[in-house]
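Have a look at the structure below, then the notes.
There are 2 protein chains.
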Amino acid sequence: MPPAKEHAASGKRLRTARAIQQATLQLATEHGYHAVTTDMIAERAGISRRTFFNHYQNKQDAIVGPKVDRFGQAYDWFVTSDGGLLSDLQILVRQVVAEASPDPSVIRNIGKVLGDSPDLQPVFSATIANLTRELEPLLSRRLGTEREPVAHLIAHLVSQAIAHSFRDWTVDNETALEQVVEKANSNIRFVVQTLGPG
Amino acid sequence: MPPAKEHAASGKRLRTARAIQQATLQLATEHGYHAVTTDMIAERAGISRRTFFNHYQNKQDAIVGPKVDRFGQAYDWFVTSDGGLLSDLQILVRQVVAEASPDPSVIRNIGKVLGDSPDLQPVFSATIANLTRELEPLLSRRLGTEREPVAHLIAHLVSQAIAHSFRDWTVDNETALEQVVEKANSNIRFVVQTLGPG
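Chains as they are written, first to last, in UniProt numbering: chain A, 1 to 198; chain B, 1 to 198.
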């Protein structure tokens, strides 16, 4: 089993960054994304402008949220595990989701903001692309360098499955966060079954 | 077996659009993408400015090339086939590649231009996203609407596999175009094997 990921001294910094993201999302749902200014965000989050720019370059950065080092040392178990790849990926995805999304309201507000401002879609697509880029080296290390294209494709498949489940989740508020992970994983399982022999 | 796709009266229009794309790519490899103007493109392609804007909105459009209706009527066989999905996808991908890329030099020049101007990557990522969006309804019709997320993920997987093979191909000029398809398909097969049970 994987060890719980360590939470270092960066805890306070991360909390502030998340509070700023929350404030940005709230303001965007209230006024529309394009009407929101960094001054409004700083006021809502109860911080100075200077603190805002300590954490984010601009409001687009702030709405995406803090960059978390999701795949550090704590994921060495994944590289060396001799468990089934799909079930190990399920454990990994569960950890990623638990760490990335401590507050369900963030995801819900992202869904609302995207509904109002579809032009922001590329911003969030970029975060999916980031997840792919982070997963890729982990998978490459596990599968071996000669399987690099396979690692690349699996990283894509997994991050798309997660993104898809999250999008569904923003529509159906009744689902628990845990079920988002289950859904992503069962969709990957269906893909494998559908493309598999027989 | 699928019928050969019909080539309608749009043949001449398509040839002109491809000639403009070729000219744009050549100029971009010679002068760098950002130095190329629509006037230069029109001159190189031997057409008027007006003809250029008949085919493309701007040089970014021109470098991506003509929008082809890849998944029209001719793909009904794919929706109703009771063959294996992966082997049917292989036939489909072979047709898509054959139709989308009649001239290997286009792909090679795209590789060169991307090497010089990495900021153009989103432009070509958009063409991969287009392929995904075109594949999705075909797969949805075949798999049934209750499998919509699976259709979505398979469409992603297939277009990523094709894009990955093409990227490889631009580096290794010795490979035949046909092998690009084989490689995309064998990579998908590896993904299924790697994620599959046992």
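Cβ atoms here follow ideal geometry from the backbone N, Cα and C, with glycine treated the same way.
**Message:** Assuming contact is defined by CB atoms lying nearer than 8 Å, are N130 of chain B and L153 of chain A in contact in what I supplied?
**Reply:** Your numbering for residue 130 of chain B matches position 130 in the second sequence. Your numbering for residue 153 of chain A matches position 153 in the first sequence. No, Cβ-Cβ distance for N130 of chain B and L153 of chain A is not below 8 Å.
**Three-state secondary structure (DSSP) of D82 of chain A** = Here residue 82 of chain A corresponds to residue number 82 of the first sequence, with the count starting at 1. D82 of chain A falls in the coil class under three-state DSSP.
**Request:** With distances taken Cα to Cα, identify the nearest neighbour of V180 of chain B among B:N109, B:R13, B:V97, B:L138.
**Result:** For the purposes of this step, residue 180 of chain B is taken as the residue at position 180 of the second sequence. Ranking B:N109, B:R13, B:V97, B:L138 by Cα distance to V180 of chain B puts B:V97 first.
**Message:** Considering Cα atoms alone, identify which of B:T127, B:I128, B:A151, B:A126 is closest to L138 of chain B.
**Reply:** As a first step, residue 138 of chain B must be located in the second sequence, where it is residue number 138. Closest by C-alpha distance to L138 of chain B, out of B:T127, B:I128, B:A151, B:A126, is B:A151.
**Item:** Inside the stretch 95-154 of chain A only - alpha helix (DSSP H) runs reaching at least 4 residues
**Value:** At a cut-off of 4 residues, the continuous stretches assigned as alpha helix (DSSP H) that sit fully inside the stretch 95-154 of chain A are 104-116, 121-143.
**Per-residue DSSP class, three states only, for N176 of chain B** = On the second sequence, position 176 is the one that residue 176 of chain B refers to. The displayed chain sequence assigns Ala, not Asn, to residue 176 of chain B. DSSP places A176 of chain B in coil when its eight states are reduced to three.
**Prompt:** Can you name the residues of chain A whose CB is closer than 8 Å to the CB of T194 of chain B?
**Reply:** Counted from its first residue, the second sequence places residue 194 of chain B at position 194. L85, L143, R147, V150, I154, listed in chain order.
**Item:** Where A161 of chain B meets chain A, residues with beta-carbon distance less than 7 Å
**Value:** In the second sequence, counting from the first residue as 1, residue 161 of chain B sits at position 161. Per Cβ cutoff of 7 Å: L153.
**Request:** Select from B:G196, B:L135, B:L89, B:A19 the residue whose C-alpha is nearest the C-alpha of V106 of chain B.
**Result:** Position 106 of the second sequence, counted from the start, is the residue given in the question as residue 106 of chain B. Per the Cα distances, B:A19.
**Request:** Measuring alpha carbon to alpha carbon, tell me which of B:E178, B:R142, B:N185 ends up nearest A161 of chain B.
**Result:** For the purposes of this step, residue 161 of chain B is identified with residue 161 of the second sequence, where counting begins at 1. That would be B:N185, whose Cα lies nearest to the Cα of A161 of chain B.
**Prompt:** Of all Cβ atoms in chain E, is any one closer than 8 Å to the Cβ of I188 of chain B?
**Reply:** In summary, chain E is missing from the structure at hand, where the protein chains are A and B.
**Asked** Counting contacts by CB-CB distance shorter than 8 Å, is V191 of chain A in contact with chain B?
**Response** Mapped onto the first sequence, residue 191 of chain A falls at position 191. Taking Cβ atoms only, chain B reaches closer than 8 Å to V191 of chain A, which makes this a yes.
**Request:** Alpha carbon to alpha carbon, how far is Q95 of chain B from P3 of chain B? Give it in angstroms, no decimals.
**Result:** Along the second sequence, one-based indexing puts residue 3 of chain B at 3. Along the second sequence, one-based indexing puts residue 95 of chain B at 95. No answer about P3 of chain B holds up, because its pLDDT of 44 lies below 50 and its placement is not dependable.
**Request:** May I ask you to list, following chain order, the residues of the stretch 102-130 of chain A that have a beta carbon less than 7 Å from some beta carbon of chain B?
**Result:** Against chain B - using a Cβ distance shorter than 7 Å - the stretch 102-130 of chain A contributes no residues.
**Message:** Does M1 of chain A pass the burial test, meaning 16 or more other C-beta atoms within 10 Å, or should it be called exposed?
**Reply:** To locate residue 1 of chain A, count along the first sequence from 1; it is residue 1. Unreliable positioning characterises M1 of chain A in this predicted model, as indicated by a pLDDT of 44, which lies under 50. A coordinate reading is not provided.
**Asked** Using 8 Å as the limit for Cβ to Cβ distance, is H55 of chain B near chain A?
**Response** Stepping through the second sequence from its first residue, residue 55 of chain B is reached at position 55. Interface residue (Cβ-Cβ distance to chain A less than 8 Å): H55 of chain B is not classified as such.
**Prompt:** Between T194 of chain A and R13 of chain B, what straight-line distance do the alpha-carbon atoms span, to the nearest angstrom?
**Reply:** In the first sequence, residue 194 of chain A corresponds to position 194, counting from 1. In the second sequence, residue 13 of chain B corresponds to position 13, counting from 1. About 39 Å.
**Asked** For Q46 of chain A, which three-state DSSP category applies?
**Response** In the first sequence, counting from the first residue as 1, residue 46 of chain A sits at position 46. The sequence shown places Gly at residue 46 of chain A, not Gln. Note: G46 of chain A maps to coil in three-state DSSP.
**Item:** CA-to-CA distance, E178 of chain A to K67 of chain B, given in whole angstroms
**Value:** Taking the second sequence and counting its residues from 1, the one referred to as residue 67 of chain B is at position 67. Taking the first sequence and counting its residues from 1, the one referred to as residue 178 of chain A is at position 178. C-alpha separation (whole angstroms): 41 Å.
**Message:** Quick check on the DSSP output: the alpha helix (DSSP H) that includes H34 of chain A runs from which residue to which?
**Reply:** Indexing the first sequence from 1 puts residue 34 of chain A at position 34. Run containing H34 of chain A: none; DSSP gives neither H nor E here.
**Prompt:** Leaving out the 5 sequence neighbours to the left and right, which residues in its chain are closer than 7 Å to A8 of chain B when beta-carbon positions are compared?
**Reply:** Here residue 8 of chain B refers to the residue found at position 8 when the second sequence is read from its first residue. Any reading at A8 of chain B needs caution, since the residue's pLDDT is 43, under 50, leaving its predicted position unreliable; the model's value is listed next. Closer than 7 Å at the Cβ level, and outside the excluded window around A8 of chain B, lies no residue.
**Asked** Would you say L25 of chain B and I63 of chain B are within 8 Å of each other, going by their C-beta atoms?
**Response** Residue numbering aside, residue 25 of chain B sits at position 25 when the second sequence is read from its first letter. Residue numbering aside, residue 63 of chain B sits at position 63 when the second sequence is read from its first letter. Closer than 8 Å, so yes.
**Item:** Distance between W77 of chain B and L135 of chain B (C-alpha atoms, nearest Å)
**Value:** For the purposes of this step, residue 135 of chain B is taken as residue 135 along the second sequence, with counting starting at 1. For the purposes of this step, residue 77 of chain B is taken as residue 77 along the second sequence, with counting starting at 1. Distance from the CA atom of L135 of chain B to the CA atom of W77 of chain B, rounded to whole angstroms, is 14 Å.
**Asked** If you draw a straight line from the C-alpha of G196 of chain A to the C-alpha of R50 of chain B, how long is it?
**Response** Sequence index remark: in the first sequence, residue 196 of chain A carries index 196 (1-based). Sequence index remark: in the second sequence, residue 50 of chain B carries index 50 (1-based). Near 51 Å, if we compare the C-alpha coordinates of R50 of chain B and G196 of chain A.
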